[in-house]
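Residues in the sequence shown are numbered from 3 upward in steps of one, following the working numbering.
Where is the CB? At the ideal position from N, CA and C, for every residue including glycine.
Bear in mind that the values here come from a model prediction, so they are computed numbers and not experimental data.
Below is one structure, written out as structure tokens, with a few remarks after it.
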Amino acid sequence: MPELPEVETTVRGLARYLDGARLVRVEPRRADLRRPFPVDLVQALTGATVSGLGRRAKYGLIHTDRGQTMVFHLGMSGRWRIDPEDIGKHDHLVLETGSGHILSLNDPRRFGSVDLVEEAALARWPAFAAMGPEPVGEELTDSHLKSALAGRSAAIKLMLLDQRIVAGLGNIYVCEALFRAGIDPRKAAGKVSGAALAKLVPAIKAVIAEAIAAGGSTLRDYAQPDGQLGYFSKQFDVYDRTGEPCSRCSTPIARLPQGGRSTWYCAKCQK
Ligand SMILES: [Zn+2]
Numbered sequence: 003m004p005e006l007p008e009v010e011t012t013v014r015g016l017a018r019y020l021d022g023a024r025l026v027r028v029e030p031r032r033a034d035l036r037r038p039f040p041v042d043l044v045q046a047l048t049g050a051t052v053s054g055l056g057r058r059a060k061y062g063l064i065h066t067d068r069g070q071t072m073v074f075h076l077g078m079s080g081r082w083r084i085d086p087e088d089i090g091k092h093d094h095l096v097l098e099t100g101s102g103h104i105l106s107l108n109d110p111r112r113f114g115s116v117d118l119v120e121e122a123a124l125a126r127w128p129a130f131a132a133m134g135p136e137p138v139g140e141e142l143t144d145s146h147l148k149s150a151l152a153g154r155s156a157a158i159k160l161m162l163l164d165q166r167i168v169a170g171l172g173n174i175y176v177c178e179a180l181f182r183a184g185i186d187p188r189k190a191a192g193k194v195s196g197a198a199l200a201k202l203v204p205a206i207k208a209v210i211a212e213a214i215a216a217g218g219s220t221l222r223d224y225a226q227p228d229g230q231l232g233y234f235s236k237q238f239d240v241y242d243r244t245g246e247p248c249s250r251c252s253t254p255i256a257r258l259p260q261g262g263r264s265t266w267y268c269a270k271c272q273k
């Protein structure tokens, strides 16, 4: 599924076509994705000018000069197609800009979403209101993690997937960051030392930044907004590498079920 780096890549790709552009056509091609499209979507966005794009966790933000922001989520299989040759049955929302570009939100499994939110109320929007800091940038600090995890007995792996602790961190990046910081994913979150948290924060920022630089990494058929096919140039240290040798100590990478998902880690390097 598209993770934060894919969403960031998508937003940067969309910005090339949308930033400053006027939306001359807004066409939902069905009533809903995971939930219905906003009833006033067409009216609210047709004729509006895009005043900027952004991202919060795994949501993309398309701000307009009307004080309203279109908030999209790519769900399991969503992607934006730029100037597609034809509009297919999985293209559920089509935007056309004043310069004639067509942008199509394509989502075969329809777990994605599109919402309209007053820009001034974005921070209070229910999905955002309780969200922790972004994993990239200045907000995430080891003192934030220390206070957020204090006294928590749940495994550190599971706490890092909790959006209230850190926003938008997915399974891949939690596994990779814990490996880099040398932290056992099963360890009680409140028992992770301050020294380990001080290694974890830069590890989180580095794995996300590297994935963004690589252009996102997770979905085999993921395409960049300009239609280039996905890439698997990013090599993970532990994620999905059961039985392969650890890049540091050659111990076979172990897989562990945690919270209904898999965790990969090195039992020797992560304590
Ligand atoms: Zn190792």
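Contact check for L25 and A50: beta-carbon distance about 5 Å, within the 8 Å limit, so the pair qualifies. Exclusion of the five residues before and after Q260 leaves A157, K159, L160 and P187 as the residues of its chain whose Cβ lies within less than 7 Å of its Cβ. Where P128 is concerned, there is no enclosing beta strand (DSSP E), although the alpha helix (DSSP H) around it starts and stops at P128 to A131. Separation of H103 and Y19 (C-alpha to C-alpha, rounded to the nearest whole angstrom) is 7 Å.
Take A46, set aside five residues on each side of it, and the residues of its chain with a beta-carbon closer than 6 Å to its own are Q70 and L118, in chain order. A residue is listed when its beta-carbon falls short of 5 Å from at least one non-hydrogen atom of ligand 1; in chain order these are C248, R250, C251, T253, C268, K270 and C271. Closest option to L63, judged by alpha-carbon separation, among G80, G100 and V9: V9. C271 has its alpha-carbon roughly 49 Å from the corresponding atom of P40.
Our two residues, R31 and L199, have alpha carbons roughly 47 Å apart in a direct line. For the options C268, E246 and K189, the alpha carbon positioned closest to that of E178 is the one of C268. Put simply, the backbone Cα of P128 is about 22 Å away from that of M3. Bounds of the alpha helix (DSSP H) holding E10 are L6 to L20. Within the DSSP bridge table, the entry for S115 names H75 as partners. Take the alpha-carbon of L258 and the one of Q237: they are about 20 Å apart. In this chain, the beta strand (DSSP E) harbouring I104 covers I104 to N108. For A123, the three-state secondary structure derived from DSSP is helix.
A residue is called buried when at least 16 other Cβ atoms come within 10 angstroms of its Cβ; T143 does not meet this threshold and is exposed. Taking each of C251, G245 and I214 in turn and checking the Cα distance to V138, the smallest one comes out for I214.
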